[in-house]
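Here the working numbering is used: the first residue of the sequence shown is 8, the next is one more, and so on.
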Amino acid sequence: HVLPAAQAIWRESGDQEETTPRQKEADLLSSKTGRMKSFWGRLGESWAELGNFLEEKRLKELEELKFEIQKCKFERHELYQILDLYIYDDWDYRPDLELLILQSEHEMKMMAMQMVTNSISYAMERYKELIQVNSSYRNTHFQLLREWIQLKNNVRILLNENRQLLVEQTKLPASYEKAKRFCEEASNYICVLRAKQQQVGLGLRDRLSSCLIINIDKPM
8 HVLPAAQAIW RESGDQEETT PRQKEADLLS SKTGRMKSFW GRLGESWAEL
58 GNFLEEKRLK ELEELKFEIQ KCKFERHELY QILDLYIYDD WDYRPDLELL
108 ILQSEHEMKM MAMQMVTNSI SYAMERYKEL IQVNSSYRNT HFQLLREWIQ
158 LKNNVRILLN ENRQLLVEQT KLPASYEKAK RFCEEASNYI CVLRAKQQQV
208 GLGLRDRLSS CLIINIDKPM
């Protein structure tokens, strides 16, 4: 007996030996095309996320460079002030220089604190983004796992159908020989019946002819 799935395919195609492989090939090609589109879509999303990450990294490095440049400017200005402090002996001028130095140090510390705050904010944003990316990858992994399980089940079903079809193909020659013998026996039987019918017909014709001759020979 042919499997219901194979019967449906053969009934729709009209040719079980040619159309069934084509239909299966078309289904496999369609499934492969869908998987490739899904793969390239996920790959494009990954590249976009990587590009955003690199762009944010470059911006962070730029901010750090700006901070280093500003820090160097403050240090240079502080050194100039310290140099002026040791050069000039005016005690009235020294408090002003010391105040400027303290203000410069305060500004540098505030700038460093702002930099730390910005780094913490950036780290928190990146942490949230990484959580989302990890969730997306986890969902993609589960989806691919489900697709793999489905494909594995489909392959097992196709292997079972193929195995049963091979068993049926091995039985076809014996069925063909049996049908051939039956047809030969039926043909011989028909020939024998035809010969008997011909003999009966000839006998009836001879008897009819004899009856006609007898009737003609009788005097009126």
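Glycine is no exception: its CB is placed at the ideal position from the N, C-alpha and C atoms.
Give the single residue among K203, M120 and R83 whose Cα lies nearest to the Cα of I108.
R83
Check whether the Cβ atoms of K67 and M115 sit closer than 8 Å, and answer yes or no.
no
W17 to V199 span [Cα, whole Å]:
For W17, the predicted model reports a pLDDT of 44, less than 50, meaning its position is unreliable; a value from the coordinates is still stated below. The straight-line gap from Cα to Cα measures roughly 40 Å.
Straight-line Cα distance separating N146 from Q176:
45 Å
If we ignore side chains and look at the alpha-carbon of each, how far apart do H8 and L173 end up?
Here the model assigns H8 a pLDDT of 40, short of 50, so the residue's position is not dependable, and the following value carries that caveat. Rounded to the nearest angstrom, the two C-alpha atoms are 12 Å apart.
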